[in-house]
Every structure is written in C-alpha cells, then in structure tokens.
Amino acid sequence: MTARPAALPRAVLLAGATGLVGRALLPQLLNHPSVSRVHVLLRRAAPGIESHPKLELHNVDFAHLNRVPKVDDVYIALGTTIKVAGSQAAFRQVDHDFVLATARAAREAGARRIAIVSALGADSKSRVFYNRVKGEMEADVAVLGFEQVNFAQPSLLVGDRAALGQPERAGELWTMRLLRPVMGLVPRGVRPIDARDVAAALIAATLSGKPGMHHLDSARMQGAYQR
Numbered sequence: 224m225t226a227r228p229a230a231l232p233r234a235v236l237l238a239g240a241t242g243l244v245g246r247a248l249l250p251q252l253l254n255h256p257s258v259s260r261v262h263v264l265l266r267r268a269a270p271g272i273e274s275h276p277k278l279e280l281h282n283v284d285f286a287h288l289n290r291v292p293k294v295d296d297v298y299i300a301l302g303t304t305i306k307v308a309g310s311q312a313a314f315r316q317v318d319h320d321f322v323l324a325t326a327r328a329a330r331e332a333g334a335r336r337i338a339i340v341s342a343l344g345a346d347s348k349s350r351v352f353y354n355r356v357k358g359e360m361e362a363d364v365a366v367l368g369f370e371q372v373n374f375a376q377p378s379l380l381v382g383d384r385a386a387l388g389q390p391e392r393a394g395e396l397w398t399m400r401l402l403r404p405v406m407g408l409v410p411r412g413v414r415p416i417d418a419r420d421v422a423a424a425l426i427a428a429t430l431s432g433k434p435g436m437h438h439l440d441s442a443r444m445q446g447a448y449q450r
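Residues in the sequence shown are numbered consecutively from 224, following the numbering used here.
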C-alpha cells in the first residue's frame with residue numbers, strides 16, 4: 224500500500240534549536256507551507272532566534288520535563304560533547320536522557336511522528352561510549368509507540384559554529400583539511416554533510432507519511448537542502 228503524506232497543516236515541536244542542525248531545522252520548519260506552528264523548547268534564553276508568526280518559545284528544564292504543547296510531529300536535535308559536558312555522565316544526560324524525556328512528553332502530547340539527530344555508528348552494543356549512548360537512545364525511543372520514527376545518522380557535520388557562538392571543534396577542522404583534497408574519493412555515506420541537508424532530509428521524511436522506523440545516512444541526506 225502506498226504511504227500517504229501526513230495530514231496538513233502540522234504543529235511541530237523542536238528541541239535543540241541552538242545547535243548546528245537545530246538552527247538549520249528552525250527556519251526550514253518556519254518557512255515550510257505544511258507547518259502551521261513551531262513550538263521550540265529552550266534550556267536558556269536564545270537571543271539569536273528571531274520572532275516569527277509561527278514561532279512559540281518555551282523555557283523548560285529537560286531534567287524535569289513533564290508536559291509539552293499538543294503537537295503532531297517532534298524534531299529533536301539535542302546533543303553535546305564529552306568535552307563540553309564535562310563527563311560521560313553529563314554527556315549521557317543530554318544525548319540520551321533529555322532526548323528520551325522530550326520524546327516521551329511529545330508522545331503523551333499526541334505526537335505521532337518523530338525525527339531525531341543521532342550519529343553515524345550508533346549501536347547500543349558498541350564498545351565506543353559515544354556510539355553506545357546514541358544506540359541506546361535509538362532503542363529506547365523506538366518503543367515509545369510513534370507511528371513513524373526517523374533517525375538521522377550523519378557523519379561529520381559541516382556548518383558555521385562560530386555564527387552560533389560555539390567554538391570550532393579541532394577534530395572537525397583537521398578532518399576537513401585532510402579530506403578536502405580527496406573528497407571525491409570518499410564514499411557518500413561517510414562524507415562530511417551540511418547541517419542544512421540533515422535538517423531538510425528529516426523534514427521530508429517526517430512529512431512523507433511513511434510509517435515505521437527509518438535510518439537516514441549521509442549518502443541519503445546529501446543534497447536534500449535546495450540552495
């Protein structure tokens with residue numbers, strides 16, 4: 224049976240709007256004709272987010288998130304690094320616990336579709352802590368009862384972190400310098416990807432109406448954003 228696009232217009236929830244992919248998701252959602260309202264969850268004030276007729280901001284404590292607005296779809300781009308978080312436990316709280324809390328609250332508020340920024344190599348059985356946390360997050364979200372679940376698993380994300388007030392990541396800079404001369408030889412699935420492509424691919428997948436769980440790798444997401 225052919226999947227039908229989700230009924231429109233949609234009210235959506237966005238968590239993680241101040242990060243690289245989140246900042247790419249926000250304008251694309253606000254400007255999408257199929258989206259009627261965008262509720263953004265924020266841990267702290269975000270002066271870089273401009274007002275918009277469709278936009279509603281909510282200051283929340285993700286550690287005690289009990290209720291969110293009634294929405295149709297939820298997009299989660301929460302994430303940090305162990306260096307920024309300060310410890311593995313603090314990293315897990317953001318990349319697993321806060322994501323799961325948002326997903327659970329959104330499901331209870333009526334959301335039927337969810338889109339989450341995960342990571343390449345996410346695996347609940349991985350010996351690599353980062354990949355294991357991402358994999359455990361995916362497994363825990365998958366059983367919440369959403370009719371459609373989309374996990375983006377990008378490789379190295381490309382974007383202007385400085386414009387977001389974030390420090391450039393040394394590992395990302397060095398990787399880009401090493402790969403740039405041979406980029407054409409790098410498989411599309413592991414090639415660095417623009418955060419705007421990840422955002423566009425998640426929106427398209429969510430609005431497609433195709434039920435079930437879907438993993439979007441970099442090869443599938445490359446070029447999704449119409450520049």
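Positions of the beta carbon are idealized from the N, C-alpha and C atoms, including for glycine. From a predicted model like this one, the values you see are computed outputs, not experimental measurements.
### Message
Between which residues of its own chain and Ala-329 is the CB-CB distance below 6 angstroms, once the five residues before and five after are set aside?
### Response
Leu-236, Val-291, Val-297
### Query
Exposed or buried, what is Thr-325 when buried is set at 16 or more other beta-carbons lying within 10 Å of its beta-carbon?
buried
### Message
Just verifying my parser: in three-state terms, what is the DSSP assignment at Asp-420?
### Response
helix
### Message
Below 8 angstroms on the Cβ atoms is my contact criterion, and I expect Leu-264 with Ala-238 to pass it. Report the Cβ-Cβ distance as a whole number of Å.
### Response
4 angstroms
### Query
Given that a residue counts as buried once 16 or more other Cβ atoms are within 10 Å of its Cβ, and exposed if not, what is Met-436?
exposed
#### Entry: Contact belief for Gly-382 with Asp-417 at Cβ below 8 angstroms, rounded distance in angstroms
7 angstroms
### Message
Below 7 angstroms, is the gap between the Cβ of Ala-329 and the nearest heavy atom of the ligand FAD?
### Response
Annotation note on the ligand FAD: not contained in the displayed structure, which lists no ligands.
#### Entry: C-alpha distance - His-438 paired with Leu-425, whole-angstrom precision
10 angstroms
### Task
Taking all protein chains shown into account, decide if Ala-345 is buried (16 or more other Cβ within 10 angstroms of its Cβ) or exposed.
buried
### Task
Pull up the CB-CB distance for Ser-257 and Pro-232, whole angstroms please, since I reckon it's below 8 angstroms.
6 angstroms
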